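Protein chains: 2
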Amino acid sequence: MSKVDDKRLLVKIATLYYQDGLKQAQIADKLRLSQSQVSRSITRCLKEGIVKINVVQPPNVFIALEHTIQQTFSVPNVIVVDVEDNPTDHTIKRAIGSAAAYYLENSLKKSDLIGISSWSDTIRSMVDSLTPGKIQAKGVIQLLGGVGHNGNIQATILTQTMADILSCPAHMLPAQSIEQSVDEKEKLLNTSGVSEVVAMFDDVNIAIVGIGLLEPSNLLRNSGNYYDKTTLKMLADRGAVGDISLHYYNASGVDVLEPSENPVIGMTLNQLQHCEHVVGVAGGIDKVEAIKGALRGGYIDVLITDRVTAEAIIRR
Amino acid sequence: MSKVDDKRLLVKIATLYYQDGLKQAQIADKLRLSQSQVSRSITRCLKEGIVKINVVQPPNVFIALEHTIQQTFSVPNVIVVDVEDNPTDHTIKRAIGSAAAYYLENSLKKSDLIGISSWSDTIRSMVDSLTPGKIQAKGVIQLLGGVGHNGNIQATILTQTMADILSCPAHMLPAQSIEQSVDEKEKLLNTSGVSEVVAMFDDVNIAIVGIGLLEPSNLLRNSGNYYDKTTLKMLADRGAVGDISLHYYNASGVDVLEPSENPVIGMTLNQLQHCEHVVGVAGGIDKVEAIKGALRGGYIDVLITDRVTAEAIIRR
DNA sequence: TTTTAGACTGAATAATCATTCCAATAAAGT
DNA sequence: ACTTTATTGGAATGATTATTCAGTCTAAAA
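Given below as C-alpha cells:
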C-alpha cells in the first residue's frame, strides 16, 4: 500500500470519526478493519497532524498564564481574572472575589467544611459575590481569632454571613487574633468555646485564605489585631515576606516563627499544608512576593489572582 | 456566575483535555468537579465552537484530476477533496467547506479585503471550520444584499461571524438581494450605506463565492430573496446554467442579463472577472454544468470541489 | 400556594475506546 | 536456508468516557 493511499485512509477514518461522528466500531465495519486498527489510526492522525484540534482562546481568558504559574510553582490550579492595565486595589479585589465566588459555587460539595481566614478584603468581596441559597456546605469555621478586645466583631460577621449564604452553621473563634503572649494563648486554647473550634481545624476540607503583607490590611489595622512595631521589625529581620492568617513566612515559604514563640490562635501553616483544598485569593502588585512565598511553601491548591499580578509573578 | 467565568472554565477544561492530554477524571479532580461534569463540558465546548476539530485534507492527492481541470478550463488552481462514492449533499459541503477554510487559513494576508457571497451553504460550512483568532484580514464585505424584507438576517450574520473570526470590520450591504425593479436598484445604489459598500467592491482582493443552480439554494429559498417563477423561466430560456451571487450565466459563462435588466445589488460578473483572486466553492453532481459555466466564463481562480464532482466535470 | 415541567447534579452503569498479548508474517542478518 | 528481530492484526481486556437514572432544585403556571 503506497504512502499516499495510507494517508488517504487515515483522512477517511478521521473524517468519518470527527466530522460524521461515527463510532470506531461502525467505521471498522464500513472499512473492513478491526476496531483496534481504527483506534490506532486515529491516534496516528493526531500525532501526524492530519487532525488538528484547537481550543479557541477567547480574549480576557488567560489559560497560558495560569498554566505557566502552575508549572513554575507546582500549584494544582491557578485562576487568572482579567483586569484593566492599571487596576485600582478595589477593582482587583472585586474581580478576584467574583471569580472566587464562581469557583466556590461550582465546586463546593454539601459535605464540605469551609474554613475562612477572616481578615481579608478579598474574601469579604467573595462573600459579597456569593448568591445566597445557591449552594450549601456543612459548616463555616473561622480560621483566625476575630473578636477584638476593643469590641471589634467584623470577622465574626463575615463568618456568620457566609454561613447564612451557605445555609449552614457558623463556628466562631472567640479569641483575639494575636494574644498577649504564648502563655495566654495556651491558656485560651484550653477554654471551652476555643478548644472545640480549634479541634475542628483538622476536619476543614476547604480553606479559603487571603495572602497578606507584613503591613497589615485595612481590616486588620482597624481592628487593632496585629503585631506591634517591635515584633513586625523582628519578623522583617527574619525575612518575612507575607502571611496567611497572621502566620508569617519567608521567601521560600518557611514559617519564620517557632511554634513556641507564636501567640496567634488560628490554623497553622502546617495544618494548612495538610488541608485537602486551600484556595488562596490575592492580587495586587505589592503582593507578588507574598504570593510567591505562599506558593513556594506549598500552602495553596488554587490561586485566584488577577492578570496584572499573574504577569508580575512569572517575571523574575 | 458571569459569562466570562463560565467560558473560562470551559476553555480551561478543553485545554487540559485536548492540549495537556489529561483524563477527564484527573481534570475533575484538579478542578473539583465530577467526571460527568467534565464530560458534559467537553461536549458543550464542541457544540459551542470553543474547540475546533479540523481534518486536514492532504493536498495533491488528486493531482491528476486537478491538473486535467486546470488544463481543460484554464483555471489557475483547482483543489479536489476526497469524499466517499455516494456522498450526501451535507458531506460534500462540509468537506469542501473544510478545505476552503484550510486554504484560506494558509493563504490569507492581513492586508486582504475579503468579499463573500452570502447565500451559500458551503461558505457557511467554511466559516464553521475556521478557527477564530488564527488569522486576520483587513475586512469582510458582503457581495450580495442580505437583508430580506421578511426580517431575514442570515447573510448579515454570516458576514459578521466571519469578520469576528478574522478580527476585522464587517461591511454589510443593507439591501435585499433582488430589488423590485432596476429603477429601485438604481435608487438604492445611491443611498448611503449601500453606495459606500458597493464602492468597495473594486478593492476586494479575495472573493469567496458559491456557485448556484437556477433552482435556489435552501438558504435563499427560506429568505425569500430570489426570482419569481416567470423570471426563472426567462432565465432558463436564455440558457442560464448557474449563478454566482445571483448573476446568471449560460453554458459558455456569458451573463444572460444586460446590465440594464438586472435588479440585483451585488458584485457583478464583470467585476468578479477583474477581482484579483476568486475562490469558487461548489460541489455536487447537480452543479456540474453550473461549475463548468463558471469556469468557462473565467470567473474562478481557485475552484474547490469534491472528487465525485471533479470526475464528472472532466467526463464529457 | 401548590403543581408541573424543565434543568441540574453525581453515582452507577453502559458504551466506547486504547492497550495488551500473542500469533502470524515480513524483513534483515548470519 | 535459518534464525532473529521487527511489524502487524485481531481478540480479549482494561481504561476511559458517555449516558442513564433517581433525586434535587428552579421557575413558571395554575
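Residue numbers (the numbering used here), protein chains in the order written: chain A, 1 to 316; chain B, 317 to 632.
Beta carbons are placed, not taken as given, at the ideal position from N, Cα and C, and that holds for glycine.
Since the structure is predicted, the reported quantities are computational estimates derived from the model, not experimental observations.
Interface criterion not met: the Cβ of valine 570(B) is under 7 angstroms from no Cβ in chain A. Contact with chain B is absent for lysine 138(A), since none of that chain's Cβ atoms lies less than 7 angstroms from the residue's Cβ.
Within a 10 Å sphere around the beta-carbon of aspartate 622(B) sit 16 or more other beta-carbons, which makes this residue buried. In this model, methionine 488(B) and leucine 16(A) are separated by some 36 angstroms (Cα to Cα). Residue state for asparagine 86(A) is assigned as coil, using DSSP reduced to three classes. By the rule that beta-carbons nearer than 7 angstroms mark a contact, aspartate 559(B) does not touch chain A.
Around the beta-carbon of glutamine 496(B), fewer than 16 other beta-carbon atoms lie within 10 Å, marking it exposed. Rounded to whole angstroms, the separation of the alpha carbons of glycine 528(B) and lysine 501(B) is 22 angstroms.
The DSSP-derived three-state label of glycine 582(B) is strand. The continuous alpha helix (DSSP H) containing lysine 30(A) extends over residues 24 to 31.
The beta carbon of threonine 91(A) sits no closer than 7 angstroms to any beta carbon of chain B. For lysine 339(B), no chain A residue has a Cβ inside 9 angstroms of its Cβ, as the nearest lies near 15 angstroms away. CA-to-CA, the gap between isoleucine 304(A) and alanine 163(A) works out to about 22 angstroms.
Contact of valine 61(A) with chain B is assigned, a C-beta pair being separated by under 7 angstroms.
Along the region 387 to 465 of chain B, the alpha helix (DSSP H) occurs as fully enclosed runs of 4 or more residues at 405 to 423 and 437 to 445, listed in sequence order. In the DSSP annotation of this structure, the continuous segment of the alpha helix (DSSP H) that includes isoleucine 629(B) starts and ends at 623 to 630. Contact between the region 441 to 458 of chain B and the region 557 to 574 of chain B is absent, with fewer than three C-beta pairs closer than 8 angstroms.
Just measuring C-alpha positions, the residue of Tyr249(A), Leu144(A) and Val56(A) sitting nearest valine 264(A) is Leu144(A). By the Cβ criterion, the region 433 to 452 of chain B is in contact with the region 406 to 422 of chain B, since at least three pairs of Cβ atoms, one from each stretch, lie closer than 8 angstroms. The alpha-carbon of threonine 72(A) is positioned some 13 angstroms away from that of glutamate 311(A).
DSSP, reduced to helix, strand and coil, places leucine 562(B) outside both helices and strands of the structure shown, so it counts as coil. With a cut-off of 8 angstroms on Cβ pairs, the region 324 to 339 of chain B is in contact with the region 45 to 61 of chain A, counting three or more such pairs. Remark: C-beta atoms of phenylalanine 201(A) and glutamine 271(A) approach each other more closely than 7 angstroms. For isoleucine 522(B), the enclosing beta strand (DSSP E) starts and ends at 522 to 526. Counting along the chain, the unbroken beta strand (DSSP E) around lysine 52(A) starts and ends at 51 to 55. Check the Cα spacing between leucine 166(A) and each of Ala199(A), Thr156(A) and Glu105(A): the tightest is with Glu105(A).
Assignment of glycine 280(A) by DSSP, reduced to helix, strand and coil, places it in the strand class. Among the residues of chain A, none has a CB under 9 angstroms from the CB of aspartate 480(B); the nearest is roughly 11 angstroms distant. Annotation for aspartate 553(B): the continuous alpha helix (DSSP H) segment containing it runs 545 to 553. Secondary structure note for serine 352(B): its alpha helix (DSSP H) is the uninterrupted segment 351 to 364.
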